[in-house]
Every structure is written in C-alpha cells, then in structure tokens.
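Undergrad: Here it is, the structure in full.
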Amino acid sequence: MPTRRSTAPATPPAPSLSDPLSDSPADPTRPPAPAAAPVRPPIDLALQGGGSHGAYTWGVLDALLEDDTLALDGVSGTSAGALNAAVLATGYARGGATGARQALRRLWEDIGRSGACFGGLPAGPLPAVPEALQPWVFNPGRWPAYQWLEAWGRMFSPYQTNPGGQNLLRPLLERHVEIDALRQGPLSVFITATAVQTGHARVFTREDVSIDALLASACLPQSSQAVQIDGEPYWDGGFAGNPALWPLIYGTPALDVVLVQINPQFRAGTPRTVTEIDDRLNEITFNASLVSELRAIAFVRRLVEQERLDPTRYKALRMHRIADEAGLAPFDASSKLNTDPRLLTTLFELGRAAAARWLVEDRPQVGVRPTLDIERVFLQAPTTPPGIQSK
3 MPTRRSTAPA
13 TPPAPSLSDP
23 LSDSPADPTR
33 PPAPAAAPVR
43 PPIDLALQGG
53 GSHGAYTWGV
63 LDALLEDDTL
73 ALDGVSGTSA
83 GALNAAVLAT
93 GYARGGATGA
103 RQALRRLWED
113 IGRSGACFGG
123 LPAGPLPAVP
133 EALQPWVFNP
143 GRWPAYQWLE
153 AWGRMFSPYQ
163 TNPGGQNLLR
173 PLLERHVEID
183 ALRQGPLSVF
193 ITATAVQTGH
203 ARVFTREDVS
213 IDALLASACL
223 PQSSQAVQID
233 GEPYWDGGFA
243 GNPALWPLIY
253 GTPALDVVLV
263 QINPQFRAGT
273 PRTVTEIDDR
283 LNEITFNASL
293 VSELRAIAFV
303 RRLVEQERLD
313 PTRYKALRMH
323 RIADEAGLAP
333 FDASSKLNTD
343 PRLLTTLFEL
353 GRAAAARWLV
363 EDRPQVGVRP
373 TLDIERVFLQ
383 APTTPPGIQS
393 K
C-alpha cells in the first residue's frame, strides 16, 4: 500500500523584529515579546472496535484530551471505535477538548444504562465487584447457562428473531452524535464499514457520514440485520479494516498516528470449546487487515529512510500504540457484549492508566520518531506479552 503524502499549503514564517533584513530594527525599549506557545504536534487517532471494550478507548481518549499537549487532526474508527470517533468529533466541535471529554462520558454512561444496546445487563444500582471475581462477573461466557443460550441463539438469524430490523444503537447514537456539528468541526473523521456483496471496506468521511454509517460500522451480522445505505448492505467494519489506516495517510497532513488497540494480538492457550474457537477466530480476523496495513506502512517507511522513495510524495508515518494486553486479558470475547457499568468503569480506568504511561514514556517522541516497533509486535514470531501467563 503506497503511503502517499497529502499536501497542505505552506505557511510563510512570521517576520522577526530582530531579522537583519527587516525594514524596521527592533526597539530596545519595547517589552520583550511573550514566549511562543509550546509546539503541539498534530496527530491522528486510529480507534479499534470491540463492543463494550470501547470503554477502554474512552479512558485513553479522556487522558489524552485532559493532557492537551497534542493537536488532534484526524480520527479513523471502526465499530465501537466509530462510535467513539463520532462522539469525540461532535464534542470537540462544540467545546474543544473539554467538550469532547464530556460528550464521551455521557455516551458511555448512557451505554451503561442501556444494557441491551450491546447485549448486556439491565440498568440499576449494582455493588462493586472484587477484583478476584471480575473474570466471572464480567465474562458471561463463564456463566452456566451462557453456552446453552448461545447455541440456541445460533439456530436463528436476526432476520428471524428481529424481522422489523429494530436497532437498539440507533436511539443511543441519535442522542449523542450531531452530524452537522461533526461535519463543521475541525477533525477529519473516517468511519469504516464492510460492503457485504464485495467484502470491500467503505470509508465514510466527514462529508458523507451519517447515523446509518455508524450503525453499519457496528453491525455484527449474527445479531443485527445488515444496514442498507444507498441500496447496498453493510456489516461491521472490523471485517475489512479495524481500523482503516489508509484514510489517515491520504486524508490528513499529520505524520504521527496513535493506534488504540483493544483487540488482542495474543490469547493464551488453545481454544477447545465451540465458543472459544469462534471467539479466537473473530479476534484473528478483526486484526488481519490492521496487520496488513502496518506491514505496508513499515515497508514504505523503510524505503523512504533508504532514500528509495521520494519523501515529498510518500509519508514515512511515525506509528505509536496505546495498548494493555495484560490488563485486558482477564476479559474474554463474551465481555464485549456486557454493558455492566462496573465493567465499563473498570475498562475506562485501564485505558486512562495506559494512556498516562504512554504520555510519560512515548509522548516526547511524537514528531520525532515512531515508538511502535511494527516488525517486533506484529510481524515476528509470536511471544507472550509481559504480564500474561501462557496456558
């Protein structure tokens, strides 16, 4: 995948009072000019999907927006990442970083009250869960009747169980996404859905994004009817791009991309039950397109560094990643459908902690060099990530 450089008009430098070529010499009696504001390097955000695990991304975004040392340029999202992207852009358009933080909090608190939107617990006051019990409480797959109910549910498609095509995410999105504000705001937005008939990714931009496009990006075919847009059916964008990176390459001038990854690269042990096998297959499938794009990005960057490609035409992207495989490891694929507010809060706190570490360890390199070693993390022989025990 060629990573062509997007072009942006050059901004002429401001004249300097001390410039010897300036028409007017500096006035020694004039008070010194205020110090220049610190440079805020522009970055793009790439947000993965993962159902309720999108609350982890909420925590990451909350910390990045609170820090406010980075200038957001564009955001690409898929599924739950698309929801986060759209609400982020809406809030940012209305009230900057503070408005975006408030908008994301309102979204996820609403999800915690609307249990059925992902397929979770009913709303209501719930007691705190000790850490030792979290894997059992937050992973429905460990509940005695879950596999029986899942097997029964697979006998029917959403066209049989929901012939009217009701989508419980629609009213939630209509409460939290303002399409007009998103389109007029400063952030470039890219939302990926998968075209059912071709299998290709369709990327909706700020100009043509809609509530239907967001629903398409989050449409799991086992639980929701395909979303029709312009006569074409669409499924979850994770099948074709989780998230798509190429729109950020062609659609924004930023050279730094921060990937917020919630879909695990590594899952300890060998899946043995039908549910475990299907869940791991989905995790692998939903990472496959991302790995392919990262391989191409690493290849192009290497060619640019070797001066074998023109750097004025191709972008040597600086990739960064915020992830916590060890922290998310206790929560299996079934927890992605669980909207228990206690789980969402736990994931939010994990995301904030991961972003805080990234801000200390990797943020100083933004604008300088990539901090994600693509070949080591995604392309070499698998190794057990730190903090995870092999089974």
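Taking the working numbering, the leading residue of the sequence shown gets 3, the next gets one more, and so forth.
Quick reminder that beta carbons are idealized off the backbone N, C-alpha and C, glycines included.
Determine the contact status of Gly61 and Asn86, defining contact as a CB-CB distance below 8 Å.
TA: Here residue 61 refers to the residue found at position 59 when the sequence shown is read from its first residue. Here residue 86 refers to the residue found at position 84 when the sequence shown is read from its first residue. Against a cut-off of 8 Å, the Cβ pair of Asn86 and Gly61 comes out as no contact.
Undergrad: Is the beta carbon of Gly369 closer than 8 Å to that of Thr277?
TA: Counting from 1 along the sequence shown, the entry for residue 277 is found at position 275. Counting from 1 along the sequence shown, the entry for residue 369 is found at position 367. No, Cβ-Cβ distance for Thr277 and Gly369 is not below 8 Å.
Undergrad: Using 8 Å as the cut-off, can you tell me whether the stretch 91 to 108 makes contact with the stretch 235 to 244, which would need three or more C-beta pairs spanning the two stretches below that distance?
TA: Contact fails: fewer than three Cβ-Cβ distances are below 8 Å.
Undergrad: Which of the three DSSP states is assigned to Pro142 in this structure?
TA: In the sequence shown, the residue the question calls residue 142 occupies position 140. Looking at Pro142 - three-state DSSP - the assignment turns out to be helix.
Undergrad: Return the CA-CA distance between Leu222 and Ala318, expressed in angstroms with no decimal places.
TA: Taking the sequence shown and counting its residues from 1, one reaches residue 222 at position 220. Taking the sequence shown and counting its residues from 1, one reaches residue 318 at position 316. C-alpha separation (whole angstroms): 34 Å.
Undergrad: Tell me the rounded alpha-carbon separation between Ala218 and Ser159.
TA: Taking the first residue of the sequence shown as 1, we reach residue 218 at position 216. Taking the first residue of the sequence shown as 1, we reach residue 159 at position 157. Rounded to the nearest angstrom, the two C-alpha atoms are 17 Å apart.
Undergrad: Under 8 Å, with one C-beta from each stretch per pair, do the stretch 311 to 329 and the stretch 253 to 268 reach the 3-pair mark?
TA: Yes, the stretch 311 to 329 is in contact with the stretch 253 to 268.
Undergrad: For the stretch 340 to 358 against the stretch 278 to 297, are there 3 or more C-beta pairs whose distance is under 8 Å?
TA: no
Undergrad: To which residues of the same chain is Gly79 closer than 7 Å at the C-beta, ignoring the five residues directly before and after it?
TA: For the purposes of this step, residue 79 is identified with residue 77 of the sequence shown, where counting begins at 1. If we look at Gly79 and ignore the five residues flanking it on each side, its Cβ neighbours are Leu49, Asn86, Ala87, Ile193, Pro245.
Undergrad: As an exercise, report each continuous beta strand (DSSP E) stretch of at least 3 residues that is fully enclosed by the stretch 251 to 292, in chain order.
TA: 258 to 262
Undergrad: Quick one: what does DSSP say Arg320 is sitting in, helix, strand or coil?
TA: The residue labelled residue 320 in the question sits at position 318 within the sequence shown. In this structure, Arg320 counts as strand in the three-state DSSP scheme.
Undergrad: For Ser116, decide whether its Cβ has a neighbour in chain D, counting only Cβ atoms nearer than 8 Å.
TA: This model lacks chain D altogether, as it is built from one protein chain only.
Undergrad: My output table needs one value for Asp64: the three-state DSSP class, helix, strand or coil.
TA: As a first step, residue 64 is located in the sequence shown; it is residue number 62 there, counting from the start. Residue state, collapsed to three classes: helix.
Undergrad: For Ala228 and Pro44, what's the separation of their Cα atoms in angstroms?
TA: Walking along the sequence shown from the start, residue 228 turns up at place 226. Walking along the sequence shown from the start, residue 44 turns up at place 42. If I take the Cα positions, the gap works out to 36 Å.
Undergrad: Would you tell me roughly how many angstroms separate the C-alpha atoms of Gly167 and Thr59, rounded to the nearest one?
TA: Sequence index remark: in the sequence shown, residue 167 carries index 165 (1-based). Sequence index remark: in the sequence shown, residue 59 carries index 57 (1-based). Going from the Cα of Gly167 to the Cα of Thr59 covers about 29 Å.
Undergrad: What residue ranges within the stretch 36 to 108 form continuous alpha helix (DSSP H) runs of no fewer than 4 residues, ordered along the chain?
TA: 56 to 69
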